[in-house]
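Undergrad: Chain order of the listed sequences is P and W.
In terms of the numbering used here, the first sequence opens at residue 1 and continues consecutively.
In terms of the numbering used here, the second sequence opens at residue 1 and continues consecutively.
Glycine residues also receive a C-beta, built at the ideal position from the N, C-alpha and C atoms.
The structure that follows is given in the form of structure tokens.
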Amino acid sequence: MIWFYLPVLIVLSGLAFWGGRRLATKRAARQATKAHSRPVQHGLYALIWVAVPALAALMIAGVFSDSLGHQMLVAGAPDEVTQLEPFRREAFFADAQRVGMGNTPQQIWPAPLSEYLAVEGKRAVQINRTLGAGGMIAALLASILGGLFVFTRIRPDLRARNKVEGWIGAVLFLCSAVAILTTIGIVFSLLLDSLRFFQSVPVTEFLFGTQWSPQMAIRADQVGSTGAFGAVPLFAGTFLIMLIAMCVAAPIGLFAAIYLSEYASPVSRAVVKPVLEILAGVPTVVYGFFAALTVGPAFRVFFNEIGLMLVGGPLNDLGLYLSLVQNQMALVAGAVMGIMLIPFVSSLSDDIINAVPQSLRDGSYAMGATKSETVKRVLLPAALPGISGAMLLAMSRAIGETMIVTMAAGLAANLTLNPLDTVTTVTVQIVTLLTGDQEFDSPKTLSAFGLGLTLFLVTLVLNVVAQRIVQTYREQYD
Amino acid sequence: MTEATSTIAPARADRLKAGLKGRYARERRFKLYGILAVSVAIGFLVLLLGRIIEQGHTAFYAHEVTLPVYMDPARIDASYPQGTNFELLVAEQELVRLGVTDDAEGTKANAMRSLFSSELKYRAADIIRARPHLIGHTVTIPAPTSDEADLYYKGEISIETPADQRRLSDEQIGWLDRMKADGAVRTHFNTALFTKGDSTEPELAGVLGALVGSALMLMVTAIIAIPIGIGAAVYLEEFSAKNRLTDLIEVNINNLAAVPSIVYGLLGVAVFINWAHLPRSSPIVGGLVLALMALPTIIIATRSSLKAVPPSIREAALAMGASRTQTVFQHVLPLAMPGVMTGSIISMAHALGETAPLLLIGMVSFVPGVPHSIAEPTGALPSLVYIWENASERAFHERTAAAILVLLTFMIVMNAAAIVLRRRFERRW
């Protein structure tokens, strides 16, 4: 409904702007005084007074019209409908609305109800129409009142500029408050559903249990799926993959950064930097596809071949194990994630190494040290806090990364540190729990929010610590 | 004093010289590690892109079989042509042409039928509906081959593989070879890939639905995130007094930039879907979630380009009697605009490739067709990649790679636009 009124509102606001501007010029000319503010500012002031009340009215109408409409619908409904249990009643009204809009109902209703369906549908549409029209009339009235108010006030000595700028400041502040609202939204949405989850599964069991199988029994007499929510295997899997990723990303990223900042000629820097930027810009779903269909099979074939070679020899058992390794091992997801993190680590480290003052380098060279000695004995020790901060940030990235592990790591919650085994991670479980068939309020779906909260807190701590470290490091050389 | 430091004892000098070789060797090794690290990164990128192009390029063409069909009046009901099993009709006639006799159950006709796409039926029915007088005549109908037949023509299914490991039997492969020898098979550009929505049949599946979904989503994201992001950055950089609240906002923005994307997905599920009852898997929800994600990046980029505008500009404007607002909106912001737009475009490109939050808000479900509004369920390009990657049909693998190529093309175009903007309008002060 709001959308229909929006063009009207835009036209009205435009008229207000134009009128305010003209009126200010005219009145200033008539009184032969210099106006305090420019005509444009008077125009904007008029526009604000026409648009803001209307928007407020529309918003209030939008918030309350649903519940009001529903109350009107229930109040006027025949007894057979109102006596239905609440859940069925809602379904009936939803279907009535569908019929009223000319669609087919979702359910088949028994005899007395099916006859009411069309009547109630017509009434529902009518109520909606009335409420929508009411909202629009309210918005129009608000615009007119605001306009009347503002047009009587436009005078040369009106401090329109200050008032308009006050409004602009307030709007800008609201924009930056969105950041805080987002954080509050994240915390609350995670916390509320997690609390509901922890009502059915104790926190200690969640944090320290070693059994993860979120399949709940749907019927009471079902066997074998009681549901276990011990998240330790997920934490272990996440940690394992993060560790492998860091083993790949930390040395390669760091050496790439050292090479770029200390050795590379401008030409090779001009080539390498964009390559790293492209690598950083590739969507993670693409990395996931690559891990699942290229790296995974390649690694499996490699290990299977080694295994076949070992079978029958002194390392027969190891050979048997290797020859049965699956595509979805922790090593694949970890290695590809490590590659994904290289540009992240290298660009952060590059900044940090560049921030080390040139005088330290010059001093080292003057003492006869080679470049590598300077890097190892002077630059790295000086940059160590910053680099460790960068590594923490990369770790938090690795923990929160979702697509690569969803596509290349498995679903089996094994408690292992063997990189050739299938493990699962916190993010994979969140995705599996919240996609596919789900009923809300079951511990199975709610556990995703428990996992999300854990993930959020861990990455938050890592980020805060890392940013603190980097911050103090930067200040040290500023 | 100078005596003591400038002359080194001969024994020590020898020792230093002897060590020099080792030191230089270490130096070379160290540099080599650096080069190796960089080459690993470059090599991986080449491997990644090469593999995807190798896997995906075959999806851009497809095979079409054109066969004459005798529109048998006994089998076709002119008033209800879609009720006829045209695929079987064509298959039986083709068997006769190839001189194969079928058994009583019609197994061979069924095997032949499975080489044609179900599209054949719709095309034939459309022809009959438009021109019913063709019943009783022979019509040539072009139709896509089935996904397996297409893979065979592309050489991805080989007769050498043991018969139990491929979906086509020896007999079917023989028929396919003979049809090709007869000149009935034609290779053409796979337009279905770009003109159709998702489908359960690979040969009829396309990226258009997901592309439109992604575009609608990015539109919502841009409309919400760019103005709010610029507003917030302008406030923090130009207006805010240094106090507790603005400090809190600053710390907040830095942390939001590092929150894992999947957490935004959870926020989307809890707030936009369960609380605000916005339609699941719709571009409006996806756009809102991506907007919240993109916001910190846009704010940070805008702030740094506002910082880059020299204070002399502000001072000059203020000295001429402009108010703070006028200074910012008429002088500082326009000068910072190239940087702002570059940052915004890059963050939009990032949002385009973001997948994890979309999975949570329901964009993993199969949505055929092309969406028309921001409130309809739809797919998105990255989630389509995820869905197709999980599909069991082999023909979806090449299409997944092709969808990735489409996605990467859009990202490259956006990033290139950002670079061009930066090159053309950036001012160094």
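Please report the distance separating the alpha-carbon of P:Q71 from that of P:A77.
TA: Answer to the nearest angstrom: the Cα atoms are 10 Å apart.
Undergrad: Between W:M112 and P:V187, what straight-line distance do the alpha-carbon atoms span, to the nearest angstrom?
TA: When rounded, the distance between both Cα atoms is 59 Å.
Undergrad: If P:F151 and P:L23 are in contact, beta carbons under 8 Å, what's the gap, nearest whole angstrom?
TA: Contact flag correct, Cβ pair sits at about 6 Å.
Undergrad: Within its chain, find whatever has a CB closer than 8 Å to the CB of W:A199; leave out the 5 residues flanking it on each side and keep chain order.
TA: Here residue 199 of chain W is Ser; the residue named in the question, Ala, does not match the sequence. Counting only Cβ-Cβ distances below 8 Å, and skipping sequence neighbours, we find A205, G206 and P368.
Undergrad: So which residues of chain P does W:I157 contact, with C-beta pairs closer than 8 Å?
TA: Those do not exist, as W:I157 stays about 17 Å from chain P at its closest Cβ, beyond 8 Å.
Undergrad: From the DSSP output, in three-state form, read off W:H397 for me.
TA: W:H397 falls in the helix class under three-state DSSP.
Undergrad: Checking 8 Å against the spacing of the C-beta atoms, do W:A395 and W:P260 come in under that value?
TA: No; because the gap between Cβ atoms is not below 8 Å, this pair is not in contact.
Undergrad: Taking three-plus beta-carbon pairs below 8 Å as touching, is the region 192–212 of chain P in contact with the region 57–73 of chain P?
TA: Touching, no.
Undergrad: Please name the residue in P:V336, P:A245 and P:L131 whose C-alpha comes closest to that of P:S396.
TA: Minimum Cα distance to P:S396 is reached at P:A245.
Undergrad: If you measure from the beta carbon of W:G286 to each beta carbon in chain P, is any gap under 8 Å?
TA: Chain P contact via Cβ: absent.
Undergrad: At the 8 Å Cβ level, is P:E120 part of the contact set with chain W, yes or no?
TA: For P:E120, the answer is no, since every Cβ of chain W falls outside 8 Å of its Cβ.
Undergrad: Measuring CA to CA, which of P:A32, P:L411, P:P343 and P:H42 is closest to P:T238?
TA: Selected option, being the one with the closest Cα: P:L411.
Undergrad: Note down, in chain order, each residue of its chain lying with its Cβ closer than 6 Å to the Cβ of P:T406, except the 5 sequence neighbours on either side.
TA: These residues qualify, in order along the chain: V428 and V431.
Undergrad: Can you tell me where the alpha helix (DSSP H) with P:V311 in it begins and where it stops?
TA: No alpha helix (DSSP H) holds P:V311; DSSP gives it neither H nor E.
Undergrad: By DSSP, does W:A143 sit in helix, in strand, or in coil?
TA: Here W:A143 sits in strand by DSSP.
Undergrad: Name, going along the chain, the residues of the region 16–32 of chain W whose beta-carbon falls closer than 9 Å to a beta-carbon of chain P.
TA: Those would be L16, R23, Y24, R26, E27, R28, R29, F30 and K31, in chain order.
Undergrad: Determine whether the Cβ of W:P377 lies closer than 8 Å to any Cβ atom of chain P.
TA: So, not an interface residue.
Undergrad: Along the beta strand (DSSP E) that carries W:P68, what are the first and last residues, could you check?
TA: That run of the beta strand (DSSP E) goes Y61 to Y70.
Undergrad: Output yes if chain P places a C-beta closer than 8 Å to the C-beta of W:S347; else output no.
TA: Cβ-Cβ to chain P under 8 Å: no for W:S347.
Undergrad: Do the CB positions of W:T325 and P:I154 come within less than 8 Å of each other?
TA: Contact: no.
Undergrad: Taking the alpha-carbon of W:T342 as reference, which of W:R303, W:D103 and W:F239 has the nearest alpha-carbon?
TA: If we check each option's Cα against that of W:T342, W:R303 comes out closest.
Undergrad: Determine the extent of the alpha helix (DSSP H) in which P:V203 is found, giving its start and end residues.
TA: Element bounds for P:V203: V203 to F208.
Undergrad: Less than 8 Å between CB atoms is the rule here; does W:A356 satisfy it with respect to chain P?
TA: Interface residue, yes.
Undergrad: So is W:H449 in contact with chain P if we call contact Cβ pairs under 8 Å?
TA: The requested residue 449 of chain W is not part of the displayed model; chain W covers only 1 to 429.
Undergrad: Look at the alpha carbon of W:H372 and the alpha carbon of W:T145, and state the distance between them as a whole number of angstroms.
TA: W:H372 and W:T145: Cα-Cα distance of roughly 30 Å.
Undergrad: Which of the residues in the region 394–419 of chain W, read from start to end, lie with their CB under 8 Å from any CB of chain P?
TA: So the list reads H397, T400, A401, I404, L407, L408, M411 and N415, given in the order they occur along the chain.
Undergrad: Which bits of chain W does P:E165 rub up against, with CB to CB less than 7 Å?
TA: Going along chain W in sequence order, the residues near P:E165 (Cβ under 7 Å) are S323 and T325.
Undergrad: Quick one: what's got a C-beta closer than 7 Å to P:V272's C-beta in the same chain, skipping five residues either side?
TA: Same-chain partners within the cutoff: L260 and A264.
Undergrad: Taking just the CA atoms, how far does W:V212 sit from W:I300?
TA: One C-alpha to the other measures close to 29 Å.
Undergrad: At least one CB of chain W closer than 8 Å to the CB of P:Y473: is that the case?
TA: Chain W contact via Cβ: absent.
Undergrad: Going along the region 120–134 of chain W in order, which residues come within less than 8 Å of chain C, judged by CB to CB distance?
TA: Reference to chain C is not applicable here, since the protein chains of this structure are P and W.
Undergrad: Check this for me: beta carbons of P:L200 and P:A54, under 8 Å apart or not?
TA: Before going further, note that residue 200 of chain P is Ser rather than Leu in the sequence given. Not closer than 8 Å, so no.
Undergrad: Any beta-carbon of chain P closer than 8 Å to the one on W:N254?
TA: So yes, W:N254 belongs to the interface.
Undergrad: Using alpha carbons as the reference points, say which of P:S364, P:K163, P:I387 and P:T182 lies closest to P:V378.
TA: Out of P:S364, P:K163, P:I387 and P:T182, P:S364 has the C-alpha closest to the C-alpha of P:V378.
Undergrad: Check the Cβ of P:G69 against every Cβ in chain W and list those closer than 8 Å, keeping chain order.
TA: Those within 8 Å of P:G69 in chain W number zero; the least Cβ separation is about 14 Å.
Undergrad: Is P:M407 close to chain W, meaning its C-beta is less than 8 Å from at least one C-beta of that chain?
TA: Closer than 8 Å: yes.
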